[in-house]
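I have placed the structure first, in the form of structure tokens, so that the comments after it can refer back to it.
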Amino acid sequence: MVSPTSQHDAEPPRAILFVVSAYSLRKRAFDRLEAAVEAAASGPVRLIRLEETGPSLMDALDVMRAEGHRSIRVQPLGVPFPEPLMNWLPGVMADWRARGRNADTQLELGPDPATDADALARFVASPLSTPARSVERVKPRLGKPGWNAPPDYEFHLLVCTGARCMIHGAASFPEMLKEELKAAGVFDRCLTTRSGCIYPCNQGPVLVLYPHGYWYRLPDQASTRHFVREVLVKGGVAEDLRFHTARAARAHSITNLEKLS
Ligand code: FES
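Per my numbering, the very first residue in the sequence shown carries number 9; after that it's consecutive.
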């Protein structure tokens with residue numbers, strides 16, 4: 009169980025792990041945020057994203073414990089912090105504590121920042137004191153010309169990078185998949201899209217292949233390579249990795265690429 013903060017806790021947590029949920033957070037913005045959390049906290053701190061790119065929560069806790077920290081506060085960051093992730097964090101933190109010797113490390117979960125009304129008001133008011141940028145001279149447009157049509161592709165690969173798949177190794181999965189697609193010469197035939205949670209989190213890392221409607225669990229490089237060679241190159245199925253078939257695909261008994269054309 010996650011140890012609750014109690015009155016007899018004489019010392020404050022020695023380390024803080026800030027966790028942020030932001031799919032579109034690019035490196036420069038992440039670096040700015042990292043600098044801000046380091047400036048704001050007086051002890052050892054780390055910042056991770058729960059989705060999209062690593063390290064995962066479990067890996068970050070492992071690293072902090074390996075660094076010698078035995079008291080860690082996990083602090084959600086972001087306004088509003090997603091409620092589903094807030095509800096999920098205690099359980100996954102408790103799961104980490106139940107592994108190996110991790111029970112020697114006290115874990116606490118900080119509150120959702122949005123529950124502090126004053127802090128929330130300050131956060132909302134803060135940008136209003138900075139001058140805004142005029143758009144009077146900006147050319148009206150709803151998007152770039154290149155956004156008119158989808159790229160030409162044969163396979164659509166939907167790769168889940170949700171927080172729970174991250175726990176199961178999805179943090180490094182998209183890059184690994186890219187390498188394997190290139191090595192097999194099928195990179196240009198694939199449209200790869202990162203997605204948020206698509207439900208079977210316990211099977212992560214999850215990949216869905218369209219137009220087949222097949223769902224795969226690809227936990228490591230060997231299985232990813234096998235999927236790419238067997239399914240995308242040879243037109244097979246890789247039954248050992250497939251754990252689900254979409255209803256439409258089941259109804260039409262799609263078993264190989266020839267039948268799709
Ligand atoms: S987080 Fe990937 S399926 Fe839920």
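Ideal Cβ placement from N, Cα and C applies to all residues, glycine included.
**Q.** Straight-line Cα distance separating Trp96 from Ala129
**A.** 26 Å
Cβ atoms of Cys209 and Cys173: under 8 Å apart, would you say?
yes
* To do: Compare the C-alpha of Thr201 against each of Ala47, Pro159, Ala102 and name the closest.
  => Pro159
With DSSP run on the structure shown, which of helix, strand or coil describes Cys205?
coil
Next on the checklist: If I measure Cβ to Cβ from Phe181 and keep anything under 6 Å in the same chain, skipping five residues before and after, which residues do I get?
Outcome noted: Pro213
Own chain, CB closer than 6 Å to Pro90, minus 5 neighbours either side, in chain order:
Ser29
For Ile24, which residues in the same chain have their Cβ closer than 7 Å to its Cβ, ignoring the five residues on either side in sequence? Ala49, Gly51, Val53, Arg81, Gln83
Legend entry - Collapsed DSSP secondary structure at Ala49 in the structure displayed: coil
Rounded to a whole number of angstroms, what is the C-alpha to C-alpha distance between Met66 and Glu162? 36 Å
Length of the line joining the Cα atoms of Glu266 and Lys242: Bear in mind that a pLDDT of 49 at Glu266, under 50, signals an unreliable position, so the number given afterwards is only what the model happens to contain. C-alpha separation (whole angstroms): 11 Å.
Whose CA, out of His252, Gly86, Gly177, lies closest to the CA of Ala68? Gly177
Spatial neighbours of Thr232 in its chain, beta-carbon cut-off 8 Å, leaving aside the 5 residues before and after: Phe181, Met184, Leu185, Glu188, Leu226
Have a look at Met101, Asp126, His77, Pro63 and flag the residue whose alpha-carbon is nearest the alpha-carbon of Glu116. Met101
* Asked: Skipping 5 residues on each side, what residues in its chain have a beta carbon closer than 8 Å to that of His77?
  -> Arg22, Ala23, Pro52, Thr113
- Compute the distance between the beta-carbons of Ala179 and Gly108, then report whether it is under 8 Å. no
Item to check | Entirely enclosed beta strand (DSSP E) segments - the region 31-89, minimum 3 residues | outcome: 53-57, 79-85
Check: What residue does the beta strand (DSSP E) around Thr138 start on, and which one ends it?
Finding: No beta strand (DSSP E) holds Thr138; DSSP gives it neither H nor E.
Please report the distance separating the alpha-carbon of Ala111 from that of Arg105. 5 Å
- [ ] Please look up how many angstroms separate the CB atoms of Tyr218 and His260, rounded, as I've assumed it's under 8 Å.
- [x] About 13 Å separates the two Cβ atoms, so there is no contact after all.
Would you give the residue range spanned by the beta strand (DSSP E) that Trp96 belongs to? No beta strand (DSSP E) contains Trp96, which is instead part of the alpha helix (DSSP H) from 91-105.
Quiz prompt | Burial state of Gln15, where buried means 16 or more other Cβ atoms lie within 10 Å | solution = Since pLDDT at Gln15 reaches only 41, below the 50 mark, its modelled position is unreliable, and no value is offered.
Nearest neighbour of Ile175, chosen from Gln211, Ala192, Ser203, Glu144 [CA to CA]:
Gln211
Beta carbon of Tyr207: closer than 7 Å to some heavy atom of ligand 1? yes
Checklist entry - Can you tell which of Tyr222, Pro88, Gly86 has the C-alpha that lies nearest to the C-alpha of Val167? => result Tyr222
| query | Do Leu85 and Ala171 have their CB atoms nearer than 8 Å? | reply | no
(message) Quick check on His1: does DSSP put it in helix, strand or coil?
(response) Within the shown structure, residues of the chain are numbered from 9 to 269, placing residue 1 beyond reach of any answer.
Practice task
Output the distance between the C-alpha atoms of Ala43 and Ile56, rounded to the nearest integer angstrom.
Solution key: 13 Å
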